[in-house]
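Protein chains in written order, with the numbering used here: chain A, 4 to 262; chain B, 4 to 262; chain C, 4 to 262.
Ideal Cβ placement from N, Cα and C applies to all residues, glycine included.
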């Protein structure tokens, strides 16, 4: 998959404006919705049990992010993932901070067998989810990306989809392992940048097979970040420029892809 | 009501700095509070059952927005609307995504008889709330604004207040139907722009009769949006410029009103 | 404590990147996390009962902010403050809008004996928390800062820590009373600026005794605000510039300290 393929998928996404249901954490709801809008998708943050299970049959894709979980949210996540599975709606799992926090660890373990089409996390989250010891410290990853590839393969054998390991170099593990080397360290200085990538991945999953969706999402988002950091003077302006860059990105910018 | 009247009402709002209680959705709480502050009002996001019902007697106006409802939030919304009614506190209902999502549909149906002074929504939301089939798709409206006017009149006959139908042209249905033609499509590319209009409407409702409040709020917000889009280069910077423009708006800018 | 001392503490904070757990209100979660990241700390918004009590033993500091409390959140706050106390994790209490709102008043009264190392609030909040009548009106303070000093001393006698009273002039009450005269009225036009100061205070509390932490946090934040307002044209751009300024602040900028 090269930058022309990514541009074609992005054009298809914008043409169809997929409706992306998000059950995500309370820190990033606004930024996630704005990211999906800037991308060209239609966000719907429907996250109560009764409506979420109905909506999973209407949405074109679903994101489940366990960042600020509660017992009620956990029940909704599992039921909605089941509803998505029954409806054939592709869904993405973002196992934020899994690894040593009991509630999210249990819920994530319940969600994996429900077969998310993509799991997107940092190295320690992917390792923890796969049962290895990732040594997570909040939402920052302390394990090297490469060390997580074995865990990603193990996880993928259980979901049948793709696993995207975010880091300085992103690895997308599908039938093959693809890498994306774009991005900027500033992405770690704004909350929700990783969570937003999960949402972008879900939007692409409405238009493409799992590994292609994860690759295109990672390419688009990390290239937008490179463009944004060139125009910003700190994390505040970076977050603003990131949305502008995502909104304006097209084939010319995507030629920056380093895979 | 012309642009001089709007400017007078805005001056009155800023002089009195109404305390606006918001029970709104989790995606837009921050942006809504920042909008009210930029306008010159005082936001108070008091939304637990025990405190919200007390606070409805202290606040100058109340917003209820069902965007991310839960069973507990639903109970709070109904009880707080009742408390506002008993205290004579004007309140605004924003029926986000009503039409096909069971929990919010039931709650919105309970809220209408409690007589919100203004209902503000897009065409499909207003049609669904009035019992017509609006064909909602998430928070985007798929029905034309004009087609919703009949529903707005029907709804108004039940609330005794005004109904504001947002769209490319906004219609405010009171004793007469007024229109506002300002705005920019970029308003649909930032989450919470419609929700913030609900909050602005509540702030004006503390200072003016329902239809005047809805008209002034729509004028101020859509003109601020026109000013903002001229200074922005995408949805990220638009959201920032929108708050700056709202904060700085005055009689000169309001002369852009196209009604 | 002079501006060189503040610069040294800031350098120490950035070197250690303390993990700051936040149980805060739903309006400001994203802005709070972004503030901590811009400062150089690591935010973790772990706020469910089961995980929060575990995490309080892992985190370097904890913030509890009662801005949008619920019965479930109240239970979590008390249990997590107890867990922090047992683990020796310093924690900061931000009693948002305490004074006349029943649930938060009760919870704040339960939290004070659990000995927060710093209480940070505006004058009316501090007075209400100490049992005096502060006449709160939402989150804005209606009492003069000076009038709250007596309450701050009373409160401090119960917590054994420091009390920071925010206002046009900030007062930090420890063994002595120190003042910070930096800042800008624009800080009151963006939601969460005060709440973010609570989080910054918690980050410094991981590196310094309570009164020094509160002083350094206030100095850094109010000076960043002065820098930001010079580069902004309204509250929208101010919030963006504030994060950029905080991220870039160093010894040269801290020389603006007026204490």
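Next item on the list: Compare the Cα-Cα distances from residue 19 of chain C to each of C/192, C/44, C/135 and report the closest residue.
Entry: As a first step, residue 19 of chain C is located in the third chain; it is residue number 16 there, counting from the start. Closest option to residue 19 of chain C, Cα to Cα, is C/44.
Next item on the list: State yes or no: is the C-beta of residue 267 of chain A within less than 8 Å of the C-beta of residue 242 of chain A?
Entry: Residue 267 of chain A lies beyond the residue range present for chain A, which begins at 4 and ends at 262; the question has no answer from this structure.
Notebook entry, point to check: Buried or exposed: where does residue 179 of chain A fall if 16 or more other Cβ atoms within 10 Å of its Cβ makes it buried?
Noted result: Position 176 of the first chain holds residue 179 of chain A. Exposed, because fewer than 16 other Cβ atoms sit within 10 Å of the Cβ of residue 179 of chain A.
Next item on the list: Indicate whether at least one CB of chain C lies closer than 8 Å to the CB of residue 19 of chain B.
Entry: Position 16 of the second chain, counted from the first residue, corresponds to residue 19 of chain B. At a cut-off of 8 Å between C-beta atoms, residue 19 of chain B does not count as an interface residue with respect to chain C.
Item checked: Continuous beta strand (DSSP E) assignments of at least 3 residues falling wholly in the region 162-237 of chain C -> As summarised for the region 162-237 of chain C, the continuous beta strand (DSSP E) elements at least 3 residues long and confined to that stretch are 165-169, 173-176, 180-183, given in chain order.
Notebook entry, point to check: chain C partners of residue 48 of chain B, CB-CB under 8 Å?
Noted result: For the purposes of this step, residue 48 of chain B is identified with residue 45 of the second chain, where counting begins at 1. Going along chain C in sequence order, the residues near residue 48 of chain B (Cβ under 8 Å) are 28, 29, 30, 70, 71.
Notebook entry, point to check: To the nearest angstrom, how far is it from the Cα of residue 39 of chain B to the Cα of residue 166 of chain A?
Noted result: Here residue 39 of chain B refers to the residue found at position 36 when the second chain is read from its first residue. Here residue 166 of chain A refers to the residue found at position 163 when the first chain is read from its first residue. Roughly 42 Å between the two C-alpha positions.
Margin query: Does chain A have any CB closer than 8 Å to the CB of residue 186 of chain B?
Written below: The residue labelled residue 186 of chain B in the question sits at position 183 within the second chain. Chain A, which has no Cβ nearer than 8 Å to the Cβ of residue 186 of chain B, makes this no.
Note to self: Taking CB distances under 8 Å as the criterion, tell me whether residue 240 of chain C reaches chain B.
What the structure shows: Here residue 240 of chain C refers to the residue found at position 237 of the third chain. So yes, residue 240 of chain C belongs to the interface.
Notebook entry, point to check: Does the beta carbon of residue 195 of chain C sit closer than 8 Å to a beta carbon anywhere in chain B?
Noted result: Looking up residue 195 of chain C in the third chain gives position 192. By this cut-off, residue 195 of chain C is an interface position.
Next item on the list: For the beta strand (DSSP E) containing residue 68 of chain A, list its first residue and its last residue.
Entry: Here the question's residue 68 of chain A lines up with position 65 in the first chain. Run containing residue 68 of chain A: 64-68, per the beta strand (DSSP E) assignment.
Checklist line | Rounded separation between residue 36 of chain A and residue 123 of chain A - CA only | finding: Numbered from 1 along the first chain, position 33 holds the residue referred to as residue 36 of chain A. Numbered from 1 along the first chain, position 120 holds the residue referred to as residue 123 of chain A. Going from the Cα of residue 36 of chain A to the Cα of residue 123 of chain A covers about 18 Å.
Notebook entry, point to check: What residues in its chain sit with their C-beta under 6 Å from that of residue 137 of chain B, if we drop five residues either side in the sequence?
Noted result: Counting from one through the second chain, the residue named residue 137 of chain B turns up at place 134. The predicted model places residue 137 of chain B with a pLDDT of 48, which falls under 50 and marks its position as unreliable; any figure quoted below should be read in that light. So the qualifying residues of the chain are 102, 127, 130, 131, 146.
Margin query: Measuring straight from C-alpha to C-alpha, what distance separates residue 26 of chain A and residue 108 of chain C?
Written below: Along the first chain, read from residue 1 onward, the residue named residue 26 of chain A stands at position 23. Along the third chain, read from residue 1 onward, the residue named residue 108 of chain C stands at position 105. In this structure, the straight-line span from the alpha carbon of residue 26 of chain A to that of residue 108 of chain C is close to 32 Å.
Check: Going by other Cβ atoms of all chains shown within 10 Å of its Cβ, with 16 needed for buried, is residue 244 of chain C buried or exposed?
Finding: As a working mapping, residue 244 of chain C is identified with position 241 in the third chain. Residue environment analysis places residue 244 of chain C among the buried positions, since at least 16 neighbouring C-beta atoms fall within 10 angstroms of its C-beta.
Next item on the list: Over the uninterrupted alpha helix (DSSP H) stretch that includes residue 97 of chain A, give me the two end residues.
Entry: The residue labelled residue 97 of chain A in the question sits at position 94 within the first chain. Element bounds for residue 97 of chain A: not the alpha helix (DSSP H) but the beta strand (DSSP E), 94-97.
Next item on the list: Can you pull the chain A residues whose beta carbon is under 9 Å from the beta carbon of residue 105 of chain B, in chain order?
Entry: Taking the second chain and counting its residues from 1, the one referred to as residue 105 of chain B is at position 102. Neighbours of residue 105 of chain B in chain A, taken as residues at a C-beta separation under 9 Å, are given in chain order as 53, 54, 57.
Notebook entry, point to check: Are the region 180-188 of chain B and the region 210-230 of chain B touching by the rule of at least three beta carbon pairs closer than 8 Å?
Noted result: Yes: the two stretches touch, three or more of their Cβ pairs being nearer than 8 Å.
Next item on the list: Have a look at B/105, B/70, B/117 and flag the residue whose alpha-carbon is nearest the alpha-carbon of residue 83 of chain B.
Entry: Taking the second chain and counting its residues from 1, one reaches residue 83 of chain B at position 80. Closest by alpha carbon: B/117.
Notebook entry, point to check: Hey, quick one: how far does the beta strand (DSSP E) through residue 37 of chain C stretch, first residue to last?
Noted result: Position 34 of the third chain holds residue 37 of chain C. Per DSSP, residue 37 of chain C lies in no beta strand (DSSP E); the unbroken alpha helix (DSSP H) holding it starts and ends at 32-42.
Margin query: I'd like to know whether the C-beta of residue 236 of chain B is nearer than 8 Å to at least one C-beta of chain A.
Written below: By one-based count along the second chain, residue 236 of chain B stands at place 233. By this cut-off, residue 236 of chain B is an interface position.
Margin query: Just list the residues that DSSP pairs residue 251 of chain B with in beta bridges.
Written below: On the second chain, residue 251 of chain B is found 248 positions in, with the first residue counted as 1. None; residue 251 of chain B has no bridge partner.
Item checked: residue 258 of chain B classed as buried or exposed, judged by whether at least 16 other C-beta atoms fall within 10 angstroms -> As a working note, residue 258 of chain B is residue 255 in the second chain. Exposed, because fewer than 16 other Cβ atoms sit within 10 Å of the Cβ of residue 258 of chain B.
Margin query: Counting only Cβ pairs nearer than 7 Å, list the residues of chain B close to residue 33 of chain C.
Written below: Within the third chain, residue 33 of chain C is the residue found at index 30, counting from 1. By Cβ distance, chain B contributes 33.
Check: In whole angstroms, what separates the C-alpha of residue 67 of chain B from that of residue 112 of chain B?
Finding: As a position in the second chain, residue 67 of chain B is number 64, starting the count at 1. As a position in the second chain, residue 112 of chain B is number 109, starting the count at 1. C-alpha of residue 67 of chain B to C-alpha of residue 112 of chain B: approximately 13 Å in a straight line.
Note to self: Looking at residue 99 of chain A: is its Cβ nearer than 8 Å to the Cβ of residue 70 of chain A?
What the structure shows: For the purposes of this step, residue 99 of chain A is identified with residue 96 of the first chain, where counting begins at 1. For the purposes of this step, residue 70 of chain A is identified with residue 67 of the first chain, where counting begins at 1. Yes; because the gap between Cβ atoms is below 8 Å, this pair is in contact.
Notebook entry, point to check: If you measure from the beta carbon of residue 110 of chain A to each beta carbon in chain C, is any gap under 8 Å?
Noted result: Here residue 110 of chain A refers to the residue found at position 107 of the first chain. Output row for residue 110 of chain A: interface = no.
Checklist line | First through last residue of the beta strand (DSSP E) which encompasses residue 126 of chain A | finding: As a working note, residue 126 of chain A is residue 123 in the first chain. Not the beta strand (DSSP E): residue 126 of chain A falls in the alpha helix (DSSP H), residues 126-132.
Next item on the list: For chain B, find out if any of its Cβ atoms is closer than 8 Å to the Cβ of residue 243 of chain C; answer yes or no.
Entry: Taking the first residue of the third chain as position 1, residue 243 of chain C is located at position 240. Judged by the 8 Å Cβ criterion, residue 243 of chain C is in contact with chain B.
Check: residue 41 of chain A: which of A/32, A/17, A/73 sits nearest, CA to CA?
Finding: Position 38 of the first chain, counting from 1, holds the residue named residue 41 of chain A. Of the residues A/32, A/17, A/73, the one whose Cα lies closest to the Cα of residue 41 of chain A is A/17.
Check: Can you list, in chain order, the residues of its chain whose CB lies under 8 Å from that of residue 172 of chain B, leaving out five sequence neighbours each side?
Finding: Numbered from its first residue, the second chain carries residue 172 of chain B at position 169. Annotation for residue 172 of chain B: 148, 182, 183, 184 place their beta carbon closer than 8 Å to its own, counting only its chain and skipping 5 residues before and after.
Next item on the list: Note the first and the last residue of the continuous alpha helix (DSSP H) segment covering residue 114 of chain B.
Entry: Along the second chain, read from residue 1 onward, the residue named residue 114 of chain B stands at position 111. Start and end: 105-114.
Next item on the list: Take residue 133 of chain C and list the residues in its own chain whose beta-carbon comes closer than 6 Å to its own, dropping the five residues that flank it on each side.
Entry: Here the question's residue 133 of chain C lines up with position 130 in the third chain. Around residue 133 of chain C: 154, 157, 158.
Next item on the list: Would you mind telling me which residues of chain C sit closer than 8 Å to residue 257 of chain B, beta carbon to beta carbon, in chain order?
Entry: Numbered from its first residue, the second chain carries residue 257 of chain B at position 254. The contacting residues do not exist; residue 257 of chain B stays about 17 Å from chain C at best.
Margin query: Comparing C-alpha positions only, which one of C/9, C/80, C/97 sits nearest to residue 195 of chain C?
Written below: Taking the first residue of the third chain as 1, we reach residue 195 of chain C at position 192. If we check each option's Cα against that of residue 195 of chain C, C/97 comes out closest.
Check: Which residues in chain D sit within 9 Å of residue 247 of chain C, going by Cβ to Cβ distance?
Finding: No chain D appears in this structure, whose protein chains are A, B and C.
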